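Number of protein chains: 2
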Amino acid sequence: MTIAPLPQRPLTRADTQSLDAADVLAPLRQRFELPEGINYLDGNSLGALPKGVAERVERAIREEWGQGLIRSWNDADWYPAPLRVGQTIARLIGAQGHEVVVCDSTSVNLYKVLVAALRLRPRRRIVVCERGNFPTDAYIVNSVAELMKVDVIYADPDQVPAAIEAAGHELAVVQLTHVHYKSGQLYDMAALTARTQALGAVVIWDLAHSAGVIDLQLSALRVDFAVGCGYKYLNGGPGAPAYVYVREDHLSEIRQPLQGWHGHKRPFEFSHDYEPHPGIDQMLVGTASQLGLIAFEAALQAYEGVELAQVRAKSMALGDLFVRLVDERLAGFGFGLASPREAARRGSQVSLTHEQGYAIMQALIARGVIGDFRAPDILRFGFAPLYVRHVDLWDAIEALRNIMHSGQWREPRFAQRKAVT
Amino acid sequence: MTIAPLPQRPLTRADTQSLDAADVLAPLRQRFELPEGINYLDGNSLGALPKGVAERVERAIREEWGQGLIRSWNDADWYPAPLRVGQTIARLIGAQGHEVVVCDSTSVNLYKVLVAALRLRPRRRIVVCERGNFPTDAYIVNSVAELMKVDVIYADPDQVPAAIEAAGHELAVVQLTHVHYKSGQLYDMAALTARTQALGAVVIWDLAHSAGVIDLQLSALRVDFAVGCGYKYLNGGPGAPAYVYVREDHLSEIRQPLQGWHGHKRPFEFSHDYEPHPGIDQMLVGTASQLGLIAFEAALQAYEGVELAQVRAKSMALGDLFVRLVDERLAGFGFGLASPREAARRGSQVSLTHEQGYAIMQALIARGVIGDFRAPDILRFGFAPLYVRHVDLWDAIEALRNIMHSGQWREPRFAQRKAVT
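What follows is the structure, given as structure tokens:
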């Protein structure tokens, strides 16, 4: 994808429309049901609804469940769905089809792989994580550390490499989230994976904010384990099932603790002793959430034929455009940039800081521009390259500019906190 | 509900129709979408589709997800759904609304409460379970026992009380499934709970085959913990989310190991340290599976206004009728009774044994009578009292009789094993 260089002069709305006209991914927007009058920059929290999902789920309910009943576990291929959807995701994250399975939540999957990883390195006692990572990762790591009696070192993002070196041959596991949920900052997955493994440890990447927007190459980098969620850029729907990746050579040597019947080698023998499935199926636990899987599978058709390298290129261009528009059009309003300026160090979001961030975001949402707020002062804007246009960023910045100019964010209704922020 | 005594002479189809005519629960069948020509006796594996579910889920997808997008976590009350659906289930299992939450799978929930229960009794080292229980329970118990270094005693069903006594003051936890998945045998929940607690231990009941068909009284019996699944008699749909019950006084003293952000006291503060929610919310882990929850909630309307004591009475009557019809009409064909003869010792299923059980069940399913098979030789027939009629049991037995008379089960097509049996 070649993009014409942007003019040096301050940009206009027409410039952003020209970028859309030249965008080879622009037709993908037609794959989504987007509400009229909404400028949706929160696909990093809940992806938009792809076309076809509602029809597919209705058929699953009325025909497969309603008419097929229990027979649909065979006849409608419900049983292999976790593996089948895993194969589709594998392509998007640069893994092999038999290394990924869809199940449970990201937190539960992290618990499984963390115990499994620590069991691979029983004589090493240190786990290195990022302080300030998405909290559920820290909560799960702390819980596992207590049960397995290992120590957790929390390092600030730029201190992670030093913490890894300091742990040295005591290092068992490095657990990081590839793209930071607040700042959008991107770790160097290749370098950190290689260095962790050189020290004899294993790495677990949380791909929550990477999958679907970055051309991940888990196999090429020989990443040990990864987990991620289905409902952000992958558009799987609210609370879509998560996925877990295990590098193929680990499959024969790990043991995960949530050993349920669907992870058994022969689940329908109902045998008393647990014998893990030799494949990625061993990461399954209980009966798979079929409606969630079916919706997720239908949603993933939005990525059919899409090259992640092109998605990443557009994502970087969108981020650069947003940063430039912030510089050009929001100067003097008290916004700070919480994300890296360089696209190569950033995921598919740009976060701003503002003392009055909460109220400003509510005012923006009231105008139909949807981003989100993360305490204490972060306004997050996520760019889902499959459906976000360049002109959307212009319009979002323009709305922000109007809110700041008019002081509209001061209206009392925008100060009221909601249950989910 | 008064049911006229059945005649002493061999029953006729008309007798079973008379029972239906007198059945006060008969109108509930109208709450379900049942396929034409199917006699469904497998609601203990996957409950039938209640009316209204497809419409509710379609609205959730098209309007709440598609139009509302991220705003629906507040505006469509997605966030409180696990608690709200938990409250509905609480009534069905005789618990208080704030003691039940819907999340994850039964296996994952068992893992949580088992670790939590063992932490309540740190100086006791024995867990008593049933040998031959549904395998996932044993797999999870064994995994937790290894991590927490306790011993598991597996006792045959009739030896469970003796095993509890033998463990004595070493007993930490008794974990049992109330109704056995194969035999339908029912434990005496009151006696076993009381005796376990008298020894200073805690009890965990798996209600997979009880909820929705037995008038459970968890609060009255002061049961410590319980888990159960949504997709059997509760009709929540394939892979519906499971639920977990924690007695209210335990909520302030337990710690479960899958500590994820949705179990945090203030999840949207995104704080580094985990602080469990003081309520049942602490059992939540990751983002809730909304489509599954919404389907489950809509499905539970089938139980609206239904008294479980009446459901249990009908369930017992159905079981007694089935056993009598087996005696009267299937004698000499080699069937054995794998379930207790007394209704009071049986859940809502009757299981038969037969050397050729697999092929016989396939032949039966081919005739539209759906039960299921459990290795090595069990034919299971589950009676969901909300939609199974007395005449359905007559017709099922008649189909079995024809299959055995004709030898139709010998057709090669019925010997072929399916992926899910």
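These protein sequence lines are chains A and B, in that order. For the first sequence, our numbering begins at -17 and goes up steadily by one. For the second sequence, our numbering begins at -17 and goes up steadily by one. Glycine residues also receive a C-beta, built at the ideal position from the N, C-alpha and C atoms. Since the structure is predicted, the reported quantities are computational estimates derived from the model, not experimental observations.
Cα-Cα, which of the options is closest to residue i?
| i | options | result |
| --- | --- | --- |
| B:Q199 | B:A173, B:L346, B:S388 and B:G34 | B:A173 |
| B:P9 | B:I379, B:P394, B:G389 and B:A284 | B:A284 |
| A:L16 | A:L7, A:G29 and A:Q264 | A:G29 |
| B:E18 | B:S27, B:G350, B:P62 and B:L189 | B:G350 |
| B:P358 | B:A348, B:Q338 and B:Q344 | B:Q338 |
| B:D140 | B:D170, B:A120 and B:V123 | B:D170 |
| B:R328 | B:Q167, B:A378 and B:L273 | B:Q167 |
| B:N91 | B:L307, B:V226 and B:A397 | B:V226 |
| B:Q272 | B:V84, B:E310, B:R(-9) and B:L31 | B:V84 |
| B:A72 | B:D5, B:E112 and B:L189 | B:L189 |
| B:A326 | B:S201, B:V195, B:Y213 and B:R383 | B:V195 |
| B:P(-8) | B:A313, B:T178, B:Q344 and B:S388 | B:A313 |
| B:Q242 | A:P117, A:I186, A:V39 and A:R53 | Here residue 242 of chain B turns out to be Gly, not Gln, going by the sequence shown. Ranking A:P117, A:I186, A:V39 and A:R53 by Cα distance to B:G242 puts A:P117 first. |
| B:H160 | B:G114, B:S125, B:G150 and B:E128 | B:G114 |
| A:T175 | A:E289, A:K131 and A:S201 | A:S201 |
| A:A98 | B:S125, B:A99 and B:R101 | B:S125 |
| A:F304 | A:Q292, A:L51 and A:S321 | A:S321 |
| B:Y121 | A:L307, A:Q264 and A:A299 | A:Q264 |
Since residue i and residue j should fall inside the 8 Å C-beta cutoff, what is the C-beta to C-beta distance between them, to a whole number of angstroms?
| i | j | result |
| --- | --- | --- |
| B:T88 | B:A277 | In fact, because the Cβ distance is near 17 Å, the residues do not count as touching under 8 Å. |
| A:E152 | A:I108 | 5 Å |
| A:H372 | A:T(-2) | 4 Å |
| A:R44 | B:A36 | 5 Å |
| A:G25 | A:K214 | 7 Å |
| B:T403 | A:F250 | 5 Å |
| A:V209 | A:V95 | 6 Å |
In the DSSP output, which residue or residues are listed as bridge partners for residue i?
| i | result |
| --- | --- |
| A:Q167 | A:R328 |
| A:C211 | Paired residue(s): none; A:C211 is not in a bridge. |
| B:T159 | B:D188 |
| A:F355 | A:L361 |
| A:H246 | A:P258 |
| A:Y22 | A:I352 |
| A:I108 | A:D133 and A:L153 |
| B:T335 | B:G318 and B:I360 |
| A:P62 | Beta-bridge pairing links A:P62 to no other residue. |
| A:Y227 | A:V82 and A:A208 |
| A:L7 | In DSSP, A:L7 forms no bridge with anything. |
| B:F252 | Beta-bridge pairing links B:F252 to no other residue. |
| B:L31 | B:E15 |
Using a Cβ-Cβ cut-off of 7 Å, state whether residue i counts as contacting chain B.
| i | result |
| --- | --- |
| A:E279 | no |
| A:Y256 | yes |
| A:D374 | no |
| A:P64 | no |
| A:L168 | no |
| A:F252 | yes |
| A:I52 | yes |
| A:V121 | The identity of residue 121 of chain A in the sequence shown is Tyr, whereas the question assumes Val. Taking Cβ atoms only, chain B reaches closer than 7 Å to A:Y121, which makes this a yes. |
| A:W243 | yes |
| A:T178 | no |
| A:T175 | no |
| A:G353 | no |
For chain A, check one thing: does any of its Cβ atoms lie closer than 7 Å to the Cβ of residue i?
| i | result |
| --- | --- |
| B:G261 | no |
| B:S333 | no |
| B:A357 | yes |
| B:V142 | no |
| B:S0 | no |
| B:E112 | no |
| B:M(-17) | Model confidence at B:M(-17) stands at a pLDDT of 46, short of 50, so the residue's coordinates are unreliable; what they give is reported in the following sentence. No - not a single Cβ of chain A is within 7 Å of the one on B:M(-17). |
At a cut-off of 6 Å, is residue i close to the ligand FAD when judged by its beta-carbon and the heavy atoms of the ligand?
| i | result |
| --- | --- |
| A:Y163 | The ligand FAD is not part of the structure shown, which contains no ligands of any sort. |
Fill in: Where the segment 144 to 166 of chain B meets chain A: residues whose CB sits under 7 Å from a CB there
none
Worksheet item: Quick one, which residues of the segment 202 to 232 of chain A are near chain B if we go by CB-CB under 9 Å, in chain order?
Response: C211, Y213, G219, P220, G221, A222, P223 and A224
Worksheet item: For the segment 25 to 44 of chain A, which residues have a CB atom closer than 7 Å to at least one CB atom of chain B, in sequence order?
Response: S27, L28, A30, L31, V35, A36, V39, E40, I43 and R44
Worksheet item: Listed from N- to C-terminal order along the chain, which residues in the segment 262 to 274 of chain A have their beta-carbon within a distance smaller than 8 Å of any beta-carbon of chain B?
Response: V267, G268, T269, A270, S271, Q272, L273 and G274
Worksheet entry | Residues of the segment 372 to 402 of chain B whose Cβ lies closer than 7 Å to any Cβ of chain A, in chain order | K400, A401 and V402
Worksheet item: Given a limit of 8 Å on CB to CB distance, which residues of the segment -13 to -2 of chain A reach chain B?
Response: none
Item to complete: Please list the residues of the segment 64 to 92 of chain B that have a C-beta atom closer than 8 Å to any C-beta atom in chain A, keeping them in chain order.
Response: D86, S87, T88, S89 and V90
Item to complete: Determine which residues of the segment 124 to 137 of chain B have a Cβ less than 9 Å from any Cβ of chain A, and write them out in chain order.
Response: N124, S125, V126, E128, L129, M130 and Y136
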